[in-house]
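K.L.:
To start, I am sharing the structure in question, which I have written as structure tokens.
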Amino acid sequence: MTAAVTTILGIESSCDDTAAAVVRAQGDTGTILSSVVLGQADLHAAFGGVVPEIAARAHVEKLDHAVEAALAQAGVGLSGIDAIAVTSGPGLIGGVLSGVMLARGLAAATGKPLLGVNHLAGHALTPRLTDGLAFPYLMLLVSGGHCQFLIAHAADRFERLGGTIDDAPGEAFDKVAKLLGLPQPGGPPVEAEALHGDPSRFDFPRPLLDRPGCDLSFSGLKTAVLRERDALVAVQGGLTVQDRADLCAAFQAAVAAVLAEKSRRAVRVYSGLNPAAPAFAVAGGVAANTVLRTALRAVADSEGTAFVAPPLRLCTDNAAMIAWAGYERMRLGPTDDRTLTPRSRWPLDEDAAPMLGAGRRGAKA
Amino acid sequence: MTTATATLSLDIALPDEAATGQLAATLARCLRAGDTVLLQGDLGAGKSTLARALIRARLAAPDLQVPSPTFTLVQVYGDGLDVIWHADLYRLGGSDEVVELGLADAFGTAICLVEWPERLGGLTPPDALTIALSPSGGDVRRAQMRGSGDWTARLADLAPDD
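Residue numbers (my numbering), protein chains in the order written: chain A, 13 to 377; chain B, 443 to 604.
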């Protein structure tokens with residue numbers, strides 16, 4: 013028996029970017045026909061960070077164009093779409109609401125099923141779209157302010173093993189870059205500096221390694237870099253090029269050591285499930301850093317687990333992952349009706365208990 | 443002109459994280475719904491550490507996860523009558539975005555802890571408590587606390603004995 017071919021339109025507007033995509037899925041495989049992300053041209057490096065599109069208005073202005081472009085690039089009209097998937101949380105409520113309202117309108121106009129998708133589930137299911145991973149798999153999900161270890165048991169069942177208790181790694185790289193006068197985002201320049209640095213010159217802390225579990229902490233590491241910088245400036249009156257490279261290398265080595273050890277613990281918990289095809293997927297900017305990626309791959313290799321890192325463009329916010337997650341949801345059961353409402357707070361490992369009216373905003377945790 | 447209350451001006455040395463925790467615990471006791479605390483200071487000055495300790499003390503939850511709000515912009519804690527907003531305005535462009543974020547609505551109803559409050563501009567609540575954190579050699583940090591309204595009376599516990 014051949015599984016039906018399903019074409020899904022995905023819509024994402026829960027954070028900084030406005031995105032739309034068309035994914036064609038059959039059985040366990042999906043093909044991205046188009047994936048449009050608007051908003052990244054607005055990155056504002058001079059500001060020392062990424063200025064977010066928090067305004068619902070900005071999403072509203074871009075959503076129609078994103079959907080039009082995604083359909084055009086995919087070469088399908090609305091009539092060729094089988095279902096509409098939209099991020100319905102968590103995220104900044106204005107943005108989520110804009111996307112949900114558009115999706116509800118499209119569903120009403122076309123009569124197609126509507127699927128509300130958890131943004132984090134979109135990220136967590138991406139390795140199935142890109143690499144066809146089978147459940148259960150282990151995921152290190154690093155996106156925006158997140159950093160968490162998840163076991164994906166099913167498309168609607170995720171188990172959180174631990175995560176950062178303060179800063180995410182990407183945030184630590186951004187802040188260290190800022191402390192050392194390097195451009196934003198901080199990941200690439202810190203990695204480039206570290207290439208010429210001596211990681212053993214500074215003995216930075218390895219936060220939380222002395223404690224059991226898979227929780228991570230990076231805030232103290234940033235402060236340790238600040239203190240070394242200030243100590244050098246106090247003695248020498250400034251930083252040499254070599255100082256900066258050494259600080260970057262030692263910082264990066266500390267991040268790698270912590271991520272690797274915590275990953276090893278997470279892999280061991282996961283291996284206790286005796287998965288038939290064990291796999292450790294790393295999504296996000298962490299996998300774009302060669303040193304971190306090498307450290308994480310080494311953990312997977314030594315633990316006998318496959319290592320998967322989806323392409324970075326599918327690890328940052330996008331709508332292809334929303335379309336795919338919508339498809340996975342559709343295969344599991346009922347779709348949403350047109351009363352689908354946004355949820356600003358929607359933890360992945362929480363059962364679908366109603367959170368509406370809790371008055372929480374913004375927290376993607 | 444007569445004023446019932448003097449403007450608060452208090453400098454406290456925080457020699458270690460335990461001292462930060464003590465300051466946070468005192469603040470947690472003194473704060474009321476509708477108060478805003480502006481946390482100033484450079485990267486690594488200890489703004490998030492103070493906010494985290496304050497939130498945990500206020501909610502009597504020492505292990506509560508209080509992640510950095512730099513990317514999410516706002517994290518909201520507590521429920522019912524005791525709601526705490528922890529905001530980081532570092533990534534914001536201006537005060538109109540503060541309105542979009544819902545923060546302006548939260549002022550006056552929730553306890554709001556605001557990092558990088560310079561972005562508030564004209565939306566800064568006039569009776570906010572400002573805490574400026576700065577390094578003061580080694581692990582020592584300095585907390586300069588300023589505020590009009592009745593902060594001097596409310597934070598009398600923190601004032602040095604005369």
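We put the CB at the ideal spot given by N, CA and C, even for glycine.
Can you name the residues of chain A whose CB is closer than 7 Å to the CB of B:Glu557?
P.N.:
Residue numbering aside, residue 557 of chain B sits at position 115 when the second sequence is read from its first letter. What B:Glu557 touches in chain A: nothing, since even the nearest Cβ is about 13 Å away.
K.L.:
For B:Val508, does the count of other Cβ atoms within 10 angstroms reach 16, so buried, or fall short, so exposed?
P.N.:
Mapped onto the second sequence, residue 508 of chain B falls at position 66. Under this definition B:Val508 is a buried residue.
K.L.:
Would you give the residue range spanned by the alpha helix (DSSP H) that A:Arg280 belongs to?
P.N.:
As a first step, residue 280 of chain A is located in the first sequence; it is residue number 268 there, counting from the start. 253-283 is the extent of the alpha helix (DSSP H) around A:Arg280.
K.L.:
Give the residues of chain B in contact with A:Asp178, contact being defined as C-beta atoms less than 8 Å apart.
P.N.:
As a working note, residue 178 of chain A is residue 166 in the first sequence. Correct list: Ser490, Arg494, Val508, Pro509, Ser510.
K.L.:
For B:Glu560 and chain A, any beta-carbon pair shorter than 8 Å?
P.N.:
Here residue 560 of chain B refers to the residue found at position 118 of the second sequence. Output row for B:Glu560: interface = no.
K.L.:
Would you list the one or two residues that DSSP bridges to B:Trp593?
P.N.:
For the purposes of this step, residue 593 of chain B is taken as residue 151 along the second sequence, with counting starting at 1. Answer by DSSP bridge pairing: none, since B:Trp593 is not bridged.
K.L.:
Which residue comes first and which comes last in the alpha helix (DSSP H) that contains A:Tyr339?
P.N.:
Stepping through the first sequence from its first residue, residue 339 of chain A is reached at position 327. Taken as a continuous stretch (DSSP letters only), the alpha helix (DSSP H) holding A:Tyr339 covers 332-344.
K.L.:
Between the C-alpha atoms of B:Gln482 and A:Ser25, what's the straight-line distance to the nearest angstrom?
P.N.:
Position 40 of the second sequence, counting from 1, holds the residue named residue 482 of chain B. Position 13 of the first sequence, counting from 1, holds the residue named residue 25 of chain A. So the alpha carbons of these two residues sit roughly 31 Å apart.
K.L.:
With C-beta atoms as the reference, is A:Pro219 less than 8 Å away from A:Val270?
P.N.:
Position 207 of the first sequence, counted from the start, is the residue given in the question as residue 219 of chain A. Position 258 of the first sequence, counted from the start, is the residue given in the question as residue 270 of chain A. Yes.
K.L.:
Mind listing the chain B neighbours of A:Gly106? Cutoff is C-beta to C-beta under 9 Å, in chain order.
P.N.:
Working through the first sequence from its first residue, we reach residue 106 of chain A at position 94. Near A:Gly106 (Cβ distances below 9 Å), the residues of chain B are Glu542, Leu543, Gly544.
K.L.:
Run through chain B and tell me which residues come within less than 7 Å of A:Thr235, C-beta to C-beta.
P.N.:
Within the first sequence, residue 235 of chain A is the residue found at index 223, counting from 1. Correct list: Gly486.
K.L.:
Closest to A:Pro436 by C-alpha separation, out of A:Asn301, A:Glu315, A:Ala37, A:Gly22, would be which residue?
P.N.:
The requested residue 436 of chain A does not occur in the structure, where chain A is confined to residues 13 to 377.
K.L.:
Under 8 Å, Cβ to Cβ, is there at least one residue of chain B near A:Gly296?
P.N.:
Position 284 of the first sequence, counted from the start, is the residue given in the question as residue 296 of chain A. No - not a single Cβ of chain B is within 8 Å of the one on A:Gly296.
K.L.:
What ranges does the beta strand (DSSP E) occupy inside the stretch 132-169 of chain A, keeping only unbroken runs of at least 3 residues that lie completely in it?
P.N.:
Taking only runs of at least 3 residues, the beta strand (DSSP E) segments lying wholly in the stretch 132-169 of chain A are 149-155, 158-166.
K.L.:
Give the straight-line distance between the Cα atoms of A:Gly345 and A:Ile105, rounded to the nearest whole angstrom.
P.N.:
Along the first sequence, read from residue 1 onward, the residue named residue 345 of chain A stands at position 333. Along the first sequence, read from residue 1 onward, the residue named residue 105 of chain A stands at position 93. Each residue's Cα considered, the two are about 26 Å apart.
K.L.:
Under a Cβ-count criterion, where at least 16 other Cβ atoms within 10 Å of its own Cβ denotes burial, should A:Gln196 be classed as buried or exposed?
P.N.:
Translated into positions along the first sequence, residue 196 of chain A becomes position 184. Buried: at least 16 other Cβ atoms inside 10 Å.
K.L.:
A:Lys274 and B:Gly619 - do their beta-carbons sit closer together than 8 Å?
P.N.:
Given that chain B is displayed from residue 443 to residue 604, the structure contains no residue 619 of chain B and the question cannot be resolved.
K.L.:
Quick check on B:Thr669 - is its C-beta less than 8 Å from some C-beta in chain A?
P.N.:
For residue 669 of chain B there is no data in the structure shown, the boundaries of chain B being 443 and 604.
K.L.:
Using a Cβ-Cβ distance under 8 Å, would A:Asp157 count as near chain B?
P.N.:
Indexing the first sequence from 1 puts residue 157 of chain A at position 145. It is worth fixing the name first, because residue 157 of chain A is Gly in this sequence and not Asp. For A:Gly157, the answer is yes, since a Cβ of chain B falls inside 8 Å of its Cβ.
K.L.:
What number of angstroms, rounded off, separates the C-alpha of A:Leu152 from the C-alpha of A:Thr142?
P.N.:
To locate residue 152 of chain A, count along the first sequence from 1; it is residue 140. To locate residue 142 of chain A, count along the first sequence from 1; it is residue 130. About 15 Å.
K.L.:
Looking at the C-beta of A:Glu203, does it have a partner C-beta in chain B at a distance below 8 Å?
P.N.:
Taking the first sequence and counting its residues from 1, one reaches residue 203 of chain A at position 191. Cβ-Cβ to chain B under 8 Å: no for A:Glu203.
K.L.:
First and last residue of the alpha helix (DSSP H) that includes A:Asp313?
P.N.:
As a working mapping, residue 313 of chain A is identified with position 301 in the first sequence. Where A:Asp313 is concerned, the enclosing alpha helix (DSSP H) stretches over 302-314.
K.L.:
Please decide whether A:Glu183 counts as near chain B, where near means a Cβ-Cβ distance under 8 Å.
P.N.:
As a working note, residue 183 of chain A is residue 171 in the first sequence. So yes, A:Glu183 belongs to the interface.
K.L.:
Could you give the DSSP three-state label for B:His528: helix, strand or coil?
P.N.:
By one-based count along the second sequence, residue 528 of chain B stands at place 86. Strand.
K.L.:
Taking the straight line between their C-alpha atoms, what separation do you get for A:Leu207 and A:Ala189?
P.N.:
If you number the first sequence from 1, residue 207 of chain A lands on position 195. If you number the first sequence from 1, residue 189 of chain A lands on position 177. Approximately 15 Å, taken between the alpha carbons.
K.L.:
Determine the closest residue to B:Leu465 out of B:Asp592, B:Arg583, B:Ser590, with distance taken between C-alpha atoms.
P.N.:
Numbered from its first residue, the second sequence carries residue 465 of chain B at position 23. Here the closest residue by C-alpha is B:Arg583.
K.L.:
Within 10 angstroms of its Cβ, does A:Gln264 collect 16 or more other Cβ (buried), or is it exposed?
P.N.:
The residue given as residue 264 of chain A occupies position 252 in the first sequence. Buried is the call here.
K.L.:
Taking all protein chains shown into account, decide if B:Arg498 is buried (16 or more other Cβ within 10 angstroms of its Cβ) or exposed.
P.N.:
Within the second sequence, numbered from 1, the residue matching residue 498 of chain B stands at position 56. Under this definition B:Arg498 is a buried residue.
K.L.:
Quick check: the Cα distance between A:Leu251 and A:Arg241, rounded to an integer number of angstroms?
P.N.:
Against the first sequence, residue 251 of chain A aligns to sequence position 239. Against the first sequence, residue 241 of chain A aligns to sequence position 229. Each residue's Cα considered, the two are about 7 Å apart.
K.L.:
Starting from the beta carbon of A:Ser229, find every residue of chain B whose beta carbon is closer than 8 Å, and list them in chain order.
P.N.:
Against the first sequence, residue 229 of chain A aligns to sequence position 217. Simply none; closest approach about 10 Å.
K.L.:
Taking a contact to mean a Cβ-Cβ separation below 8 Å, would you say B:Ala503 touches B:Trp527 in this structure?
P.N.:
If you number the second sequence from 1, residue 503 of chain B lands on position 61. If you number the second sequence from 1, residue 527 of chain B lands on position 85. It is not a contact, given that the beta carbons lie outside the stated cut-off.
K.L.:
Can you check which of these residues, B:Gly580, B:Gly579, B:Gly591, is closest to B:Thr572 by C-alpha distance?
P.N.:
The count along the second sequence starts at 1 and reaches residue 572 of chain B at position 130. Out of B:Gly580, B:Gly579, B:Gly591, B:Gly591 has the C-alpha closest to the C-alpha of B:Thr572.
K.L.:
Report back the beta-carbon spacing between A:Leu326 and A:Val267 to the nearest angstrom; my notes put them in contact at under 8 Å.
P.N.:
By 1-based counting over the first sequence, the position of residue 326 of chain A is 314. By 1-based counting over the first sequence, the position of residue 267 of chain A is 255. With 8 Å as the limit, A:Leu326 and A:Val267 do not qualify as a contact, their Cβ atoms being about 23 Å apart.
K.L.:
Which runs of the alpha helix (DSSP H), 4 residues or longer, sit entirely within the stretch 497-567 of chain B?
P.N.:
Listed in chain order, they are 537-543, 545-548.
K.L.:
Name the one or two DSSP bridge partners that A:Gln38 has.
P.N.:
Translated into the one-based positions of the first sequence, residue 38 of chain A becomes position 26. Its beta-bridge partners are A:Val17, A:Thr41.
K.L.:
Would you say A:Leu153 faces chain B, with C-beta separation under 8 Å as the test?
P.N.:
Along the first sequence, one-based indexing puts residue 153 of chain A at 141. So no, A:Leu153 is outside the interface.
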